[in-house]
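A.B. asks:
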Amino acid sequence: VAAALLQRGLGLEPHNSRLLMAKALLEDALGRPQSALEYLNRGLEAPGQESHPHLLHAKALLQYQHSNVSEARAMLVDLTSTQPYFTEAWLSLARLEEEAGRLDNARRYYQTICHSKTGAGRFRVELWQSWARMEQQSGMEYAAVAIYARASVLFDKDVELWIAWAKLEHRLGNSMKAREILREIMATKPDHARPYHAAGVMDMELNRFTSARAIFFKGLVIAGGGGFNFDRVKDGDSSASLSPRRATPMDKDGLLPLVMAWAICEW
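Mapped onto the numbering used here, the consecutive letters of the sequence shown carry residue numbers 165 to 431.
1) How is ASP355 classed by DSSP in three states: helix, strand or coil?
2) How close, in whole Å, do the beta carbons of ALA351 and ILE327 come, if the pair is a contact with beta carbons under 8 angstroms?
3) Taking contact to mean 3 or more Cβ pairs, one atom from each stretch, closer than 8 angstroms, check whether the segment 372-386 and the segment 312-329 are in contact.
4) Would a C-beta distance cut-off of 7 angstroms place ALA378 and LEU419 closer than the cut-off?
5) Which word fits GLY337, buried or exposed, when buried means at least 16 other C-beta atoms lie within 10 angstroms of its C-beta?
6) For PHE381, does the three-state DSSP call read helix, strand or coil?
7) Leaving aside the five residues before and after GLU305 along the sequence, list all residues of the same chain whose C-beta is less than 8 angstroms from its C-beta, in chain order.
8) Following the continuous alpha helix (DSSP H) through ARG297, name the residue where it begins and the one where it ends.
9) Can you tell me the Cα-Cα spacing of LEU219 and ALA296, whole angstroms?
10) Look at the Cβ atom of PRO217, then the Cβ atom of GLN171, and state whether they are nearer than 7 angstroms.
11) Could you check the C-alpha separation between PHE381 and PHE319 for me, to the nearest Å?
12) Buried or exposed for PRO359, going by 16 or more other Cβ atoms inside 10 Å?
13) List the endpoints of the continuous alpha helix (DSSP H) containing GLN198.
14) By DSSP, does ALA328 sit in helix, in strand, or in coil?
15) Drop a sphere of 10 angstroms on the beta-carbon of VAL309, count the other beta-carbons inside from all chains shown, and report buried for 16 or more, exposed for fewer.
16) In or out: GLY303 buried (at least 16 other Cβ within 10 Å) or exposed?
17) Measure the alpha-carbon distance for LEU204 versus ALA222 and round it to whole angstroms.
18) Less than 6 angstroms separating the Cβ of ALA351 from some heavy atom of the ligand FAD?
19) Expressed to the nearest angstrom, what Euclidean distance is found between the alpha-carbon atoms of THR276 and ARG372?
20) Tell me which same chain residues have a C-beta within less than 6 angstroms of the C-beta of THR374, skipping the five on either side of it?
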């Protein structure tokens, strides 16, 4: 059905870049990489293809997935040169070099885009997260800390970035710094349960169970939006559960892991 719909769309607009890319992705998923390449080439040969860097990016990724690493690298290098604001290409190029074990090259690409005078690195937190992850996994943990610290200024409301930074500080034994980071993001994004979950789990790892309970409790009060029957919890009622006081908690996805962590804390 999907193939028929896309083919019908291409019959109406044969050079539509989004339709061509969708068709190419479908062909590749069906095990027809050569057909996928033909659809991408059709889009790249159309007038105005320079305004569609996502087509060249998709072609580079297709080449990489089918082990044509050198060709994929050349395409991505060319794309970052001609379309320096297309941050997805920088991210893919850096990851390609990382997976090839060429960490210095990957690091150079991350540095180029993240510290670019064009400011392109300000728009993709994933660039900074991926760079920090690479440094951490390669044993350069303090370099990763510095990257997180720099990124936190640009993305002061990105909960996952701040949590990752706090977890790394905690791993390095800087528990006070980790708590400070989490307190700051809690103040900035009080409706998110995940920072409370992270802080509580850190305290549990340090055998600070009383403090962990207090953090979990506070997280449910603030991020849970009143959806928990706290009086019964304080009275030790084992039947305490999420109540229908509020139909939709502020951070439902983050709330459930927090509840589970609190349960483990009480185990």
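Positions of the beta carbon are idealized from the N, C-alpha and C atoms, including for glycine.
C.D. replies: For this structure:
1) Against the sequence shown, residue 355 aligns to sequence position 191. Three-state DSSP puts ASP355 in coil, outside helix and strand.
2) Translated into the one-based positions of the sequence shown, residue 351 becomes position 187. Translated into the one-based positions of the sequence shown, residue 327 becomes position 163. Rounded, the Cβ-Cβ distance is 14 angstroms, inconsistent with contact.
3) Not touching, per the Cβ criterion.
4) Reading the sequence shown from its first residue, position 214 is the one you call residue 378. Reading the sequence shown from its first residue, position 255 is the one you call residue 419. Taking 7 angstroms as the Cβ cut-off, ALA378 and LEU419 do not qualify as a contacting pair.
5) Position 173 of the sequence shown, counting from 1, holds the residue named residue 337. Burial call: exposed.
6) As a position in the sequence shown, residue 381 is number 217, starting the count at 1. Residue state, collapsed to three classes: helix.
7) The residue labelled residue 305 in the question sits at position 141 within the sequence shown. Excluding positions up to five away in sequence, the list reads GLU299, LEU332, ARG335, LEU336.
8) Start at 1 with the first residue of the sequence shown, and residue 297 comes out as number 133. Residues 289-301.
9) Here residue 219 refers to the residue found at position 55 of the sequence shown. Here residue 296 refers to the residue found at position 132 of the sequence shown. In this model, LEU219 and ALA296 are separated by some 28 angstroms (Cα to Cα).
10) To locate residue 217, count along the sequence shown from 1; it is residue 53. To locate residue 171, count along the sequence shown from 1; it is residue 7. In this structure, PRO217 sits away from GLN171, with a CB-CB distance that is not shorter than 7 angstroms.
11) Residue mapping note: residue 381 aligns to position 217 of the sequence shown, counting from 1. Residue mapping note: residue 319 aligns to position 155 of the sequence shown, counting from 1. Each residue's alpha carbon lies about 27 angstroms from the other.
12) Position 195 of the sequence shown, counting from 1, holds the residue named residue 359. It counts as buried.
13) Looking up residue 198 in the sequence shown gives position 34. Per DSSP, GLN198 belongs to the alpha helix (DSSP H) from 197-209.
14) For the purposes of this step, residue 328 is identified with residue 164 of the sequence shown, where counting begins at 1. Correct three-state label for ALA328: helix.
15) As a first step, residue 309 must be located in the sequence shown, where it is residue number 145. Buried: at least 16 other Cβ atoms inside 10 Å.
16) Locating residue 303 in the sequence shown gives position 139, counting from the first residue. By the neighbour-count rule (16 or more Cβ atoms within 10 Å), GLY303 is not buried but exposed.
17) For this step, residue 204 is matched to residue 40 along the sequence shown. For this step, residue 222 is matched to residue 58 along the sequence shown. Their Cα atoms are separated by approximately 8 angstroms.
18) Within the structure as shown, the ligand FAD is missing, as the structure has no ligands at all.
19) Your numbering for residue 276 matches position 112 in the sequence shown. Your numbering for residue 372 matches position 208 in the sequence shown. Approximately 42 angstroms between the Cα atoms of the pair.
20) As a working note, residue 374 is residue 210 in the sequence shown. None.
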